[in-house]
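Participant: The structure follows.
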Amino acid sequence: MKKTMIKSSLSLAITLASTQIFASGFALNEQSISGMGTGFAGRSSSADDASIVYGNPAGMSRLKRQQVTVGAAAIDAKTDISDTSGRSAGSNKGDMVPFIAVPMGFYVKPIDDQWAFGLGVYAPFGLVTDYENGFQGRNFGSKSKVKVVTFQPTISYAFNDKVSIGFGPTINRISGVLESNPNLSGITAPITGRPAGDGRVQVKGDDVGYGFNAGILVQATDTTSVGLTYHSKVTYKLEGHTEVTPGAGVPPALLSAGRYDAKLSLDTPESVDFSVTQSMNDAWKLYAGATWTRWSRLQDITVKNSGVSGGALAPRLFGTITEEQNWHDTWAYAIGTSYQLNKQWVLRTGLSFDQSPTNNENRSPRIPTGDRTIFSLGAGYNLSDDITIDVAYSYLKEEDVKVHEVSPLGQTYNAKYENSANGFGLGLTYRF
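With mature numbering (1 follows the signal peptide of the UniProt record, and there is no 0) applied, the sequence shown corresponds to residues -23 to -1, 1 to 409, in that order.
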């Protein structure tokens, strides 16, 4: 029953279809347009602009001028759904991810030869998915909209020309809406003699959580820099409500419209990024990086609803709900290069491989993702010594995955998902 009605009530921050983003699970990578051009290889070992506030706070010591970096990444995703079957009839268009943009903004001010101060506003997690009306898998999820916005004040300290460190606390606000369209025909038909129509369950919730980013940057040789960044876990205690509208034909004695208070505890995972930047000569640089993310924190979701009433089924549907996720830790790997064509232009490219934390048993229409390969291109253009414009393009292709869903009421949904996405980035850095 738990999967039939709400796919786990306030799991809006967890059961997320992430076909439109360029990092595993429901994480976002889009905090730097210059980094996007190299596939985020060298994220923690290169300080190209103020976005280093996120990539590695220690890198602020490499920026000798006060500067602001702003930008946005737009994502256009495509999903082909095939080999479908299920107890419910419906369509499988696959166009459930709208064209969306992910904004970012950073500021760095050197204080003296050792200290620097910075600010960052960015989105570390988020998504929007919205299946068409009449989607065949609507019993297991029809719409998700989640946004996490992070504010990060940051400081860095350079011990000398070789070693620097940085630290920034993070203030993170999560909000979201989750919807599904359950059908109780399996219960109501034997009672009323006719099947029930689709209902709607909408869940809303939000919270503020706190964490930190910390890093170290080492100039190992005159041509080699090494960076290590730690992004902490963030604990949320989401509070919101579950609003239920039963489908036509459902007797009020079984289930009536209602609104219930709901709570969910959630930890977004910590991650560690290690990268190396190697200057080959005055024009060429090589980048390599690896990121480990502790998605194994997400083993299950337990939702507690209070004030449950409204028919005999309500306590069963909206009491304490536990749903298995069984996610596993992931690794992402990236290699990239840049070429300084002349004083005005730098060209970039990169290739990334990113594991998915999901498994075949628990995969759902909300998280129909597999391992990813991402190819990236980018360029930076110096309008002057003070202004740089960065552009980037990424193409993502996932391995094909299958969804097999069965509810306690007997609803089923089986499908094959083929996911891909195009990403476009535009950024501006102003130095003063």
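The beta carbon of each residue, even a glycine, is placed where N, CA and C say it ideally should be.
(1) Please classify PRO334: does DSSP put it in a helix, a strand, or coil?
(2) Rounded to a whole number of angstroms, what is the C-alpha to C-alpha distance between VAL253 and GLN332?
(3) Taking 6 angstroms as the limit between beta carbons, can you name the residues of its chain near SER315, skipping five residues before and five after?
(4) Within the continuous beta strand (DSSP E) that includes VAL74, where are the two ends?
(5) Are at least three pairs of beta-carbons, each pair with one atom in the segment 80 to 90 and one in the segment 21 to 38, less than 8 angstroms apart?
(6) What does the alpha-carbon distance come out to for the pair THR297 and SER283?
(7) Secondary structure at MET37, three-state DSSP: helix, strand or coil?
(8) Which partner residues of ASP107 appear in the DSSP bridge assignment?
(9) Of the choices ASP175, LEU241, THR307 and ALA398, whose alpha-carbon is the least far from that of GLY226?
(10) Apart from the five residues just before and just after MET242, which ones in its own chain have a Cβ nearer than 6 angstroms to its Cβ?
(11) Taking its Cβ as the centre, do 16 or more other Cβ atoms sit within 10 Å of ALA260, making it buried, or is it exposed?
(12) On the three-state DSSP scale, how would you describe ALA369?
(13) Quick check on this structure: which residue in LEU318, ILE142 and PHE94 has the alpha carbon closest to the alpha carbon of GLN129?
(14) Rounding to the nearest angstrom, what Cα-Cα distance links SER233 and GLY288 in this structure?
(15) Please name the residue, chosen from TYR390, LYS120, LEU96 and GLY357, that lies closest to ASN319 on a Cα-to-Cα basis.
(16) Name the two residues that bound the continuous beta strand (DSSP E) containing VAL30.
(17) With a 10 Å radius around its C-beta and 16 neighbouring C-beta atoms as the bar for buried, classify PRO34 as buried or exposed.
(18) When you compare only the Cα positions, how much space is there between SER38 and PRO87?
(19) Quick one: residues in its chain with C-beta nearer than 7 angstroms to the C-beta of residue 410, no 5 flanking neighbours on either side, listed in chain order?
(20) How many whole angstroms separate the CB atoms of PHE117 and GLU395, which I take to be in contact at a CB cut-off of 8 angstroms?
(21) Would you decide whether THR219 is buried or exposed? Buried here means 16 or more other CB atoms lie within 10 Å of its CB.
Facilitator: On the basis of the coordinates in this document:
(1) The sequence position of residue 334 within the sequence shown is 357, counting from 1. Reduced to three states, the DSSP call for PRO334 is coil.
(2) On the sequence shown, position 276 is the one that residue 253 refers to. On the sequence shown, position 355 is the one that residue 332 refers to. Taking the straight line joining both Cα atoms gives about 21 angstroms.
(3) As a position in the sequence shown, residue 315 is number 338, starting the count at 1. Excluding sequence positions up to five before and after SER315, its CB lies within less than 6 angstroms of the CB of LYS262, VAL323 and ARG325, all in the same chain and listed in chain order.
(4) Here residue 74 refers to the residue found at position 97 of the sequence shown. DSSP places VAL74 outside any beta strand (DSSP E), giving it a letter other than H or E.
(5) Contact holds: three or more Cβ-Cβ distances are below 8 angstroms.
(6) Position 320 of the sequence shown, counting from 1, holds the residue named residue 297. Position 306 of the sequence shown, counting from 1, holds the residue named residue 283. Straight-line measurement puts the Cα of SER283 at about 9 angstroms from the Cα of THR297.
(7) Counting from 1 along the sequence shown, the entry for residue 37 is found at position 60. The answer is helix: DSSP assigns MET37 an H, G or I state.
(8) By one-based count along the sequence shown, residue 107 stands at place 130. BP columns for ASP107 point to LYS120.
(9) One-based indexing of the sequence shown puts residue 226 at position 249. The option with the nearest alpha carbon to GLY226 is ASP175.
(10) In the sequence shown, counting from the first residue as 1, residue 242 sits at position 265. Sequence inspection shows Ser at residue 242; the Met mentioned does not correspond to that position. Taking SER242 as the centre and dropping the five residues before and after it, the same chain places the C-beta of LYS214 closer than 6 angstroms to its C-beta, in chain order.
(11) For the purposes of this step, residue 260 is taken as the residue at position 283 of the sequence shown. Exposed: under 16 other Cβ atoms inside 10 Å.
(12) Along the sequence shown, one-based indexing puts residue 369 at 392. Assignment of ALA369 by DSSP, reduced to helix, strand and coil, places it in the strand class.
(13) Here residue 129 corresponds to residue number 152 of the sequence shown, with the count starting at 1. Considering only alpha carbons, the answer is PHE94.
(14) Residue 233 sits at position 256 when you count from the first residue of the sequence shown. Residue 288 sits at position 311 when you count from the first residue of the sequence shown. In this structure, the alpha-carbon of SER233 lies about 6 angstroms from that of GLY288.
(15) The sequence position of residue 319 within the sequence shown is 342, counting from 1. The shortest C-alpha separation from ASN319 is found at GLY357.
(16) What you label residue 30 is simply residue 53 of the sequence shown in a count that begins at 1. Unbroken run through VAL30 is the alpha helix (DSSP H), 29 to 32; no beta strand (DSSP E).
(17) Position 57 of the sequence shown holds residue 34. By the 10 Å Cβ count, PRO34 comes out buried.
(18) Position 61 of the sequence shown holds residue 38. Position 110 of the sequence shown holds residue 87. Between SER38 and PRO87, the alpha-carbon positions lie close to 7 angstroms from each other.
(19) Outside the displayed span of the chain (-23 to 409) sits residue 410, for which this structure offers no information.
(20) Numbered from 1 along the sequence shown, position 140 holds the residue referred to as residue 117. Numbered from 1 along the sequence shown, position 418 holds the residue referred to as residue 395. Between PHE117 and GLU395 the beta-carbon gap is near 19 angstroms, outside 8 angstroms, which marks them as no contact.
(21) Taking the sequence shown and counting its residues from 1, one reaches residue 219 at position 242. Buried: at least 16 other Cβ atoms inside 10 Å.
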